[in-house]
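Undergrad:
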Amino acid sequence: MEQRLTSFAYRVGQLRRLVLLLALERITPLGPVGKGQIPFLAELFQGGDGVSQEELAEKLHFDKGSAARSLAKLEAAGLVTRTVNPRNRRQLVITLTPQAEELRAPFLATLRELTETMVRGFSGEEREQALGFLDRMISNVLTELGRPDRSAKPERSAGPKPMDMSGTPDTAGPTCQVGRAAQASPTGQTGQTGGGAQ
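Whatever position you read off the sequence shown (first residue = 1), add 62 for our numbering.
Here it is as structure tokens:
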């Protein structure tokens, strides 16, 4: 028990689960979004749509099946469309709908609130240190998995920015990298961020 409670992977996994529970509690009233869809919607809002289903799965470290199920639920909820790429008919291109665009502002505002909740009482220097430690842990695990670390490491200011549930940094400033750290940790179950498609 003592070893489990002091392990990095256990604590990162716990933080990931708690953050997703809080996110679900705050986001559910905004629209039909389950916890398995939160990382995908966050990435589409912050990183841009018009990407393939496979690209999203790879970027978020989801397996293809989990990504397909989560995106199918977003499609059924009227938040995204999946259309065949005319240049590669094996690819499905993901596009946000007008209904999703109406959700963008309150969704991102909620992620900002969650970020601030997590770093409440932290100084600017402590926030930077926490992000730096998480980035290094993620890079270590990606290296062990033999996967490239494509994450940019931009200069960050001390103020909170929208939480990054998607697996990549918000280049506008500091974000919560918990979603990315959990994806890379053994306890966080790589490829099943958000508990899979729910």
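Just so it is clear, CB atoms sit at the ideal spot from N, CA and C, and this is done for glycine as well.
Distance, Cα to Cα, residue 124 vs residue 172?
TA: 23 angstroms
Undergrad: State the DSSP-derived secondary structure class of residue 107, mapped to helix, strand or coil.
TA: helix
Undergrad: Rounded to whole angstroms, what's the CA-CA distance from residue 140 to residue 95? Just pull it up for me.
TA: 10 angstroms
Undergrad: Is residue 169 helix, strand or coil when you go by DSSP?
TA: helix
Undergrad: For residue 162, which residues of its own chain have a beta-carbon under 6 angstroms away from its beta-carbon, when the five flanking residues on both sides are left out?
TA: 141
Undergrad: Identify the continuous alpha helix (DSSP H) that holds residue 142 and give its terminal residues.
TA: Here residue 142 belongs to no alpha helix (DSSP H); instead the beta strand (DSSP E) covers 142-147.
Undergrad: Rounding to the nearest angstrom, what Cα-Cα distance links residue 135 and residue 156 in this structure?
TA: 13 angstroms
Undergrad: Measuring CB to CB, does residue 195 end up less than 8 angstroms from residue 89?
TA: no
Undergrad: For a quick check, are the C-beta atoms of residue 84 and residue 176 less than 8 angstroms apart?
TA: yes
Undergrad: My output table needs one value for residue 209: the three-state DSSP class, helix, strand or coil.
TA: coil
Undergrad: Between which two residues does the alpha helix (DSSP H) holding residue 115 run?
TA: That run of the alpha helix (DSSP H) goes 115-122.
Undergrad: Would residue 108 be called buried (16 or more neighbouring beta carbons within 10 Å of its own) or exposed?
TA: buried
Undergrad: CB of residue 103 to nearest heavy atom of the ligand SAH: below 7 angstroms?
TA: With respect to the ligand SAH, the structure offers nothing, as it holds no ligand at all.
Undergrad: Give the C-beta separation of residue 180 and residue 74 to the nearest angstrom, bearing in mind that I take them to be a contact with Cβ-Cβ under 8 angstroms.
TA: The Cβ separation is near 12 angstroms, so there is no contact.
Undergrad: Can you give the Cα-Cα distance for residue 150 and residue 138, rounded to whole angstroms?
TA: If you take the alpha carbons of residue 150 and residue 138, they lie about 24 angstroms apart.
Undergrad: Taking all protein chains shown into account, do 16 or more other C-beta atoms lie within 10 angstroms of the C-beta of residue 121, making it buried, or fewer, making it exposed?
TA: buried
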